[in-house]
Structures are given as C-alpha cells and as structure tokens.
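Engineer:
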Amino acid sequence: RTPTAAFLYAQALFDVLLVTAVVHMTGRAESEFVPLYVLVITEGALLLPLRGGLLMGTLATFLYFADVVWGPALTEALGGAPPPTELDAAVLVRVALFLVIAGATAWLGDRLRRTGSELGAVASELRQLRLDTSDILGTLDTGVVTVDSEGGLVYMNRSAERLLGMRSEDWVGRPERGALEQLGRVAPGISAVVNRTLTTGRPVERYETHSRASPEPRILGVRSTPLERDGSPWVTVVLQDITDALRVEALHRRAERLEAVAELSASLAHEIKNPLASIRSAVEQLTRPEDRLERTDRGVLGKLVLAESDRLSRLLSGFIEFSRVELQERATVDLEKVVDGAIEMVRQHPDSLDGPGVEVDARPVEVEGDRDLLHQVVFNLVLNAVQHTDPDAPVRVELGAVPPGGVPVGVDLDGAARLRVTDRGPGIR
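Structure below.
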C-alpha cells in the first residue's frame, strides 16, 4: 500500500524533532549525533515533493541553529546550569552545509520522481501495447509463429495453435523440447522454410504444405519474415488455411473452362457447316444415278470428301482435347523419359522427315504431374519448333534442374526443373 502525503510529512517531521532532541541532550553543537541531520534532510528530500523537501531541510537547519543558540537559555530556564555555548565558525559551516544538502537533495529527489513517473508511464504504455498486440494477433484467423535462432518457439497465437495442433504453453520458452522439429512433423516443410530464412536472411513469400493436425487434409500457405533481436536472427512465420480458397479457385477455373467450351462450341458449330456442306454436295453428285461422272471427276469428289472429313476430324479432336485438358493423375514422373519419348514421336512425324534435326541435352529430373499431359506439352512444343524453324538450324531441347538464383525471389520451389526448346522460327506475331 502506498503511504499518503500526510503520513510522509508526519514521518519526516517526527524524525527531525527526534534528531533535534537527541542532539540537544547529548551536547548540542558538540554532540556526536549532529550528522544525523544529513540523514533526515535527505529522507525528506527523497520522500516529499520539491517544496516539502526544502521545507523539511530548512526546518531541520533552523532547529539545529536554534538549539545551539538558545538551547543553554532554555536549559537554564528549566532549572539547569549548562555551560554557555559560543556561536563559532563550525556551527555556521554546518548550517550552510545543511542548507546546501537540503537544496541539492530536494532537486535530485524531484528529478528522480519525475524520471520514475515517466518510466512508469512508458512501462505502462509498453505493457498496454503488448497486451493490445497480443489481443489483435490472437483474434486473427491467420496463424503467427515466431522462432529464435536456436529453433525455440518464442510466440504462437491461437490460430497457429489450431492449425498446427500445438499448445503454446507447452512449447513457448522451452527450447529443449525441439519446437522446430515438431513444426516440421506437423506441417512438413515449415522447418526448412525457417532454416532457409535464418541462413539467408531473405523472406520466403510463397510456400504450400499440408497440416497433419486434423483428420481432414488442410492445405496451408506459408510465408516467412526475418527479424533481428539483440543481434540474433529470428523468423516470423505466417500460416493461412488456403484449402477453401484453392477449392474456390478450382471451381472458378472450371467455370471459366465451361464458359470457354460453350463459346468454342458455338464457333465449332459454325466451322462444321462448311465441311459438312462440301461432303453433302460431293456425296449427292456421286450417288445420282442419272449423272455419269468421269473417273477423274469421281476421284476429285472422293478426295474432297476425304479432305473435308479429315478437317472435320481435326476440328472435333481439337475440341475434345481442349475440353479434356485437366490434371487427371498426379505422380512422380521421370521428365527425361517423357522428353525422350516425345522427341522420338516428333522424329517419326511426316513434317520431321525432311526438316531440321533435333538436338537433345537432357539430364535426369523428376517432377510431380500428369505423365500424359506432360508428354503432350513436350510433343506440341518440339513439333511446332520443327514445323516453323529454319530448315538449316536444328531444334535444341534442354532439360535440367533450375540453377541457383533461377527461381523468382520469395518463391520456394524444391527440385524445380526447366525445359527449354530453342528454334529459329519467325516467332508469334
């Protein structure tokens, strides 16, 4: 309990009177207890406000001076016969010293109180700021995790606890438990993101992983930001459940594809009319019994039917391929074998027989994807290059892992591959 101002004034006054009584009874100016005035003056200066400290210092000095000057007369009036005390230079020096100490300690005490009040206000604001920050982070749907340079967990909000299935009180401030390893077990890849940020000092802007904390698979978006505390690197990881967002994005892509298919269907219906009209006309002429067509004319009409049928087949095949382009099966694929197979098919294509050759520089690379779609992509790229490049310039196909620095800053891709098809064609105009 903080003492009141009245109590402090009463305490200081009592101490001054007590010291004065002791000094009076033990010889006044010659008393060994005169230095106690310094203590009571300092006490009043530190406990009381500036004016109160000066008042108590002045009062103590006055009582000492009065006791030295009028103390003998008081003793004699009470029936005693003490020797008279002369007012010498030592007494005046003590009086001056007491006044100086009173002024100096009162000023210092006032400065200390002001500084203490300011520090208390700053500490209160800091505590409130910490509470506000903690409350704000605690109400976010986004998980926030902070890890120090030793892999210890420094902070984890409630959303991170829910996403990772970890309780902050079990891990925060307990580096011996290995929080970073636990993060890697619950959400594979997070520990690698933290270590990369700690090592390079660069943030990871985009990384996806899945959480094993719930029975239903949940996909987490991960971002990391480097911090520095007391010369030591820290990392703050932001986690967001993007499962529903990815589902909505997939539905949106499907809706866009259906819309594109509808537009293509309308265009395809118009394109089909022309070959069908040509085929119908040729068939009618071939089947009229009254018309006697020459063998040459019949051959021309037959070729027309075949050509238009092929054209119609290509239109329908393209439409079917467009409507079916979707990732059907995601698995680990040896991209080198896919490239070799696609290039072998290109070499057997009629457009490649008299065209430029294909040079291949492929290294073993494994990726995750659909083997058939990857084969189709490589085949179309290389065939297009063969069909449109300079006949004297071979098409070059390069496959390998992405070199360091080849991935955009902030994008975290482990085991990324790069396929490059180079030709000397006219390009897209």
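Counting in the working numbering, the sequence shown runs from 646 upward without gaps.
All C-beta atoms, glycine included, are put in the ideal place defined by N, C-alpha and C.
Under the rule that 16 or more other beta-carbon atoms within 10 Å means buried, what is P920, buried or exposed?
Structural biologist: Classification for P920: buried.
Engineer: Straight-line CA distance for D793 to L825?
Structural biologist: Using only the alpha carbons, I get a separation of about 10 Å.
Engineer: Roughly how many angstroms lie between the CA atoms of A751 and A741, to the nearest whole one?
Structural biologist: Approximately 15 Å between the Cα atoms of the pair.
Engineer: Out of G866, H897 and A805, which has the shortest C-alpha to C-alpha gap to T888?
Structural biologist: The shortest Cα separation from T888 among G866, H897 and A805 belongs to G866.
Engineer: Excluding five sequence neighbours on each side, which residues of the same chain lie with their C-beta closer than 8 Å to the C-beta of R819?
Structural biologist: The residues are G797 and L798.
Engineer: Excluding five sequence neighbours on each side, which residues of the same chain lie with their C-beta closer than 7 Å to the C-beta of L1026?
Structural biologist: V1066, listed in sequence order.
Engineer: Any idea which residues DSSP pairs P878 with across the strands?
Structural biologist: In DSSP, P878 forms a bridge with E873.
Engineer: Along the beta strand (DSSP E) that carries A1046, what are the first and last residues, could you check?
Structural biologist: V1040 to A1046 is the extent of the beta strand (DSSP E) around A1046.
Engineer: So, for A1078: in the same chain, excluding its five sequence neighbours on each side, which residues have a beta-carbon less than 6 Å away from its beta-carbon?
Structural biologist: Outside the modelled stretch of the chain, which goes from 646 to 1074, sits residue 1078, for which no answer is possible.
Engineer: With C-beta atoms as the reference, is L960 less than 8 Å away from I917?
Structural biologist: Yes, the Cβ-Cβ distance between L960 and I917 is below 8 Å.
Engineer: So if DSSP puts Q885 in a beta bridge, which residue, or which two residues, is it bridged to?
Structural biologist: Paired residues: G866.
Engineer: Can you tell which of S836, A907, K948 and E908 has the C-alpha that lies nearest to the C-alpha of S926?
Structural biologist: Considering only alpha carbons, the answer is K948.
Engineer: Mind checking S869: buried by the 16 CB within 10 Å criterion, or exposed?
Structural biologist: By the neighbour-count rule (16 or more Cβ atoms within 10 Å), S869 is buried.
Engineer: Under 6 Å Cβ to Cβ from V882, same chain only, skipping five residues before and after it: list those, please.
Structural biologist: V790 and S869.
Engineer: Can you tell me the Cα-Cα spacing of R1016 and W879, whole angstroms?
Structural biologist: Their backbone Cα atoms lie some 41 Å apart in a straight line.
Engineer: Can you tell me where the alpha helix (DSSP H) holding R975 begins and where it ends?
Structural biologist: Taken as a continuous stretch (DSSP letters only), R975 belongs to no alpha helix (DSSP H), as it is neither H nor E.
Engineer: Got a sec? Which residues, its chain only, sit under 6 Å from L931 by beta carbon, not counting five neighbours each side?
Structural biologist: Same-chain partners within the cutoff: L946.
Engineer: I'd like to know if the segment 747-761 and the segment 671-690 are in contact, where contact means that at least 3 CB-CB pairs between them fall below 8 Å.
Structural biologist: Yes, they touch.
Engineer: Tell me the DSSP secondary structure of V984 in three-state form.
Structural biologist: In the structure shown, V984 sits in a helix (DSSP, three-state: H, G or I).
Engineer: Since V838 and Y852 should fall inside the 8 Å C-beta cutoff, what is the C-beta to C-beta distance between them, to a whole number of angstroms?
Structural biologist: Indeed, because the Cβ distance is near 6 Å, the residues count as touching under 8 Å.
Engineer: Among L843, L980 and S910, whose alpha-carbon lies nearest the alpha-carbon of A1061?
Structural biologist: The option with the nearest alpha carbon to A1061 is L980.
Engineer: Can you look up G823 in the DSSP assignment and give me helix, strand or coil?
Structural biologist: Coil, per DSSP.
Engineer: Which two residues bound the contiguous alpha helix (DSSP H) that contains R841?
Structural biologist: Element bounds for R841: I835 to T845.
Engineer: With C-beta atoms as the reference, is E1024 less than 8 Å away from A987?
Structural biologist: The question names Glu, yet the displayed sequence has Phe at residue 1024. Against a cut-off of 8 Å, the Cβ pair of A987 and F1024 comes out as a contact.
Engineer: Flag this pair as yes or no: are the beta carbons of P1039 and E1004 separated by less than 8 Å?
Structural biologist: Contact flag set, yes.
Engineer: So, using beta-carbon positions, are R847 and H855 closer together than 8 Å?
Structural biologist: For R847 and H855, no; Cβs fall outside 8 Å.
Engineer: Rank L809, L771, E795 and A768 by C-alpha distance to the C-alpha of G788 and give the top, closest one.
Structural biologist: Among L809, L771, E795 and A768, the Cα nearest to that of G788 belongs to L809.
Engineer: For A1108, which residues from the same chain have a beta carbon less than 7 Å from its beta carbon, with the 5 sequence-adjacent residues on both sides left out?
Structural biologist: As shown, the chain starts at 646 and ends at 1074. That puts residue 1108 outside it, with no answer to give.
Engineer: With a 10 Å radius around its C-beta and 16 neighbouring C-beta atoms as the bar for buried, classify F743 as buried or exposed.
Structural biologist: Under this definition F743 is a buried residue.
Engineer: For L653, which residues in the same chain have their Cβ closer than 7 Å to its Cβ, ignoring the five residues on either side in sequence?
Structural biologist: Excluding positions up to five away in sequence, the list reads L692 and L693.
Engineer: Report the residue ranges of all alpha helix (DSSP H) runs contained in full by the segment 786-816; include only those spanning at least 4 residues, in chain order.
Structural biologist: You should have 803-809 and 813-816.
Engineer: So T647 is in the alpha helix (DSSP H); what residue range does that whole segment cover?
Structural biologist: From DSSP, T647 is part of no alpha helix (DSSP H); its letter is neither H nor E.
Engineer: Taking only the alpha-carbon atoms, compute the straight-line gap between P995 and A914 and give it to the nearest angstrom.
Structural biologist: If you take the alpha carbons of P995 and A914, they lie about 30 Å apart.
Engineer: Inspect the beta-carbon positions of G1002 and H1033 and report whether they are closer than 8 Å.
Structural biologist: Not a contact, by the Cβ cut-off of 8 Å.
Engineer: Let me check understanding here. Comparing Cα to Cα, which of S962, T977, Q1021 and R975 lies closest to E989?
Structural biologist: The residue with the shortest Cα to Cα distance from E989 is Q1021.
Engineer: Going by DSSP in three states, R1065 sits in which element: helix, strand or coil?
Structural biologist: In the structure shown, R1065 sits in a strand (DSSP, three-state: E or B).
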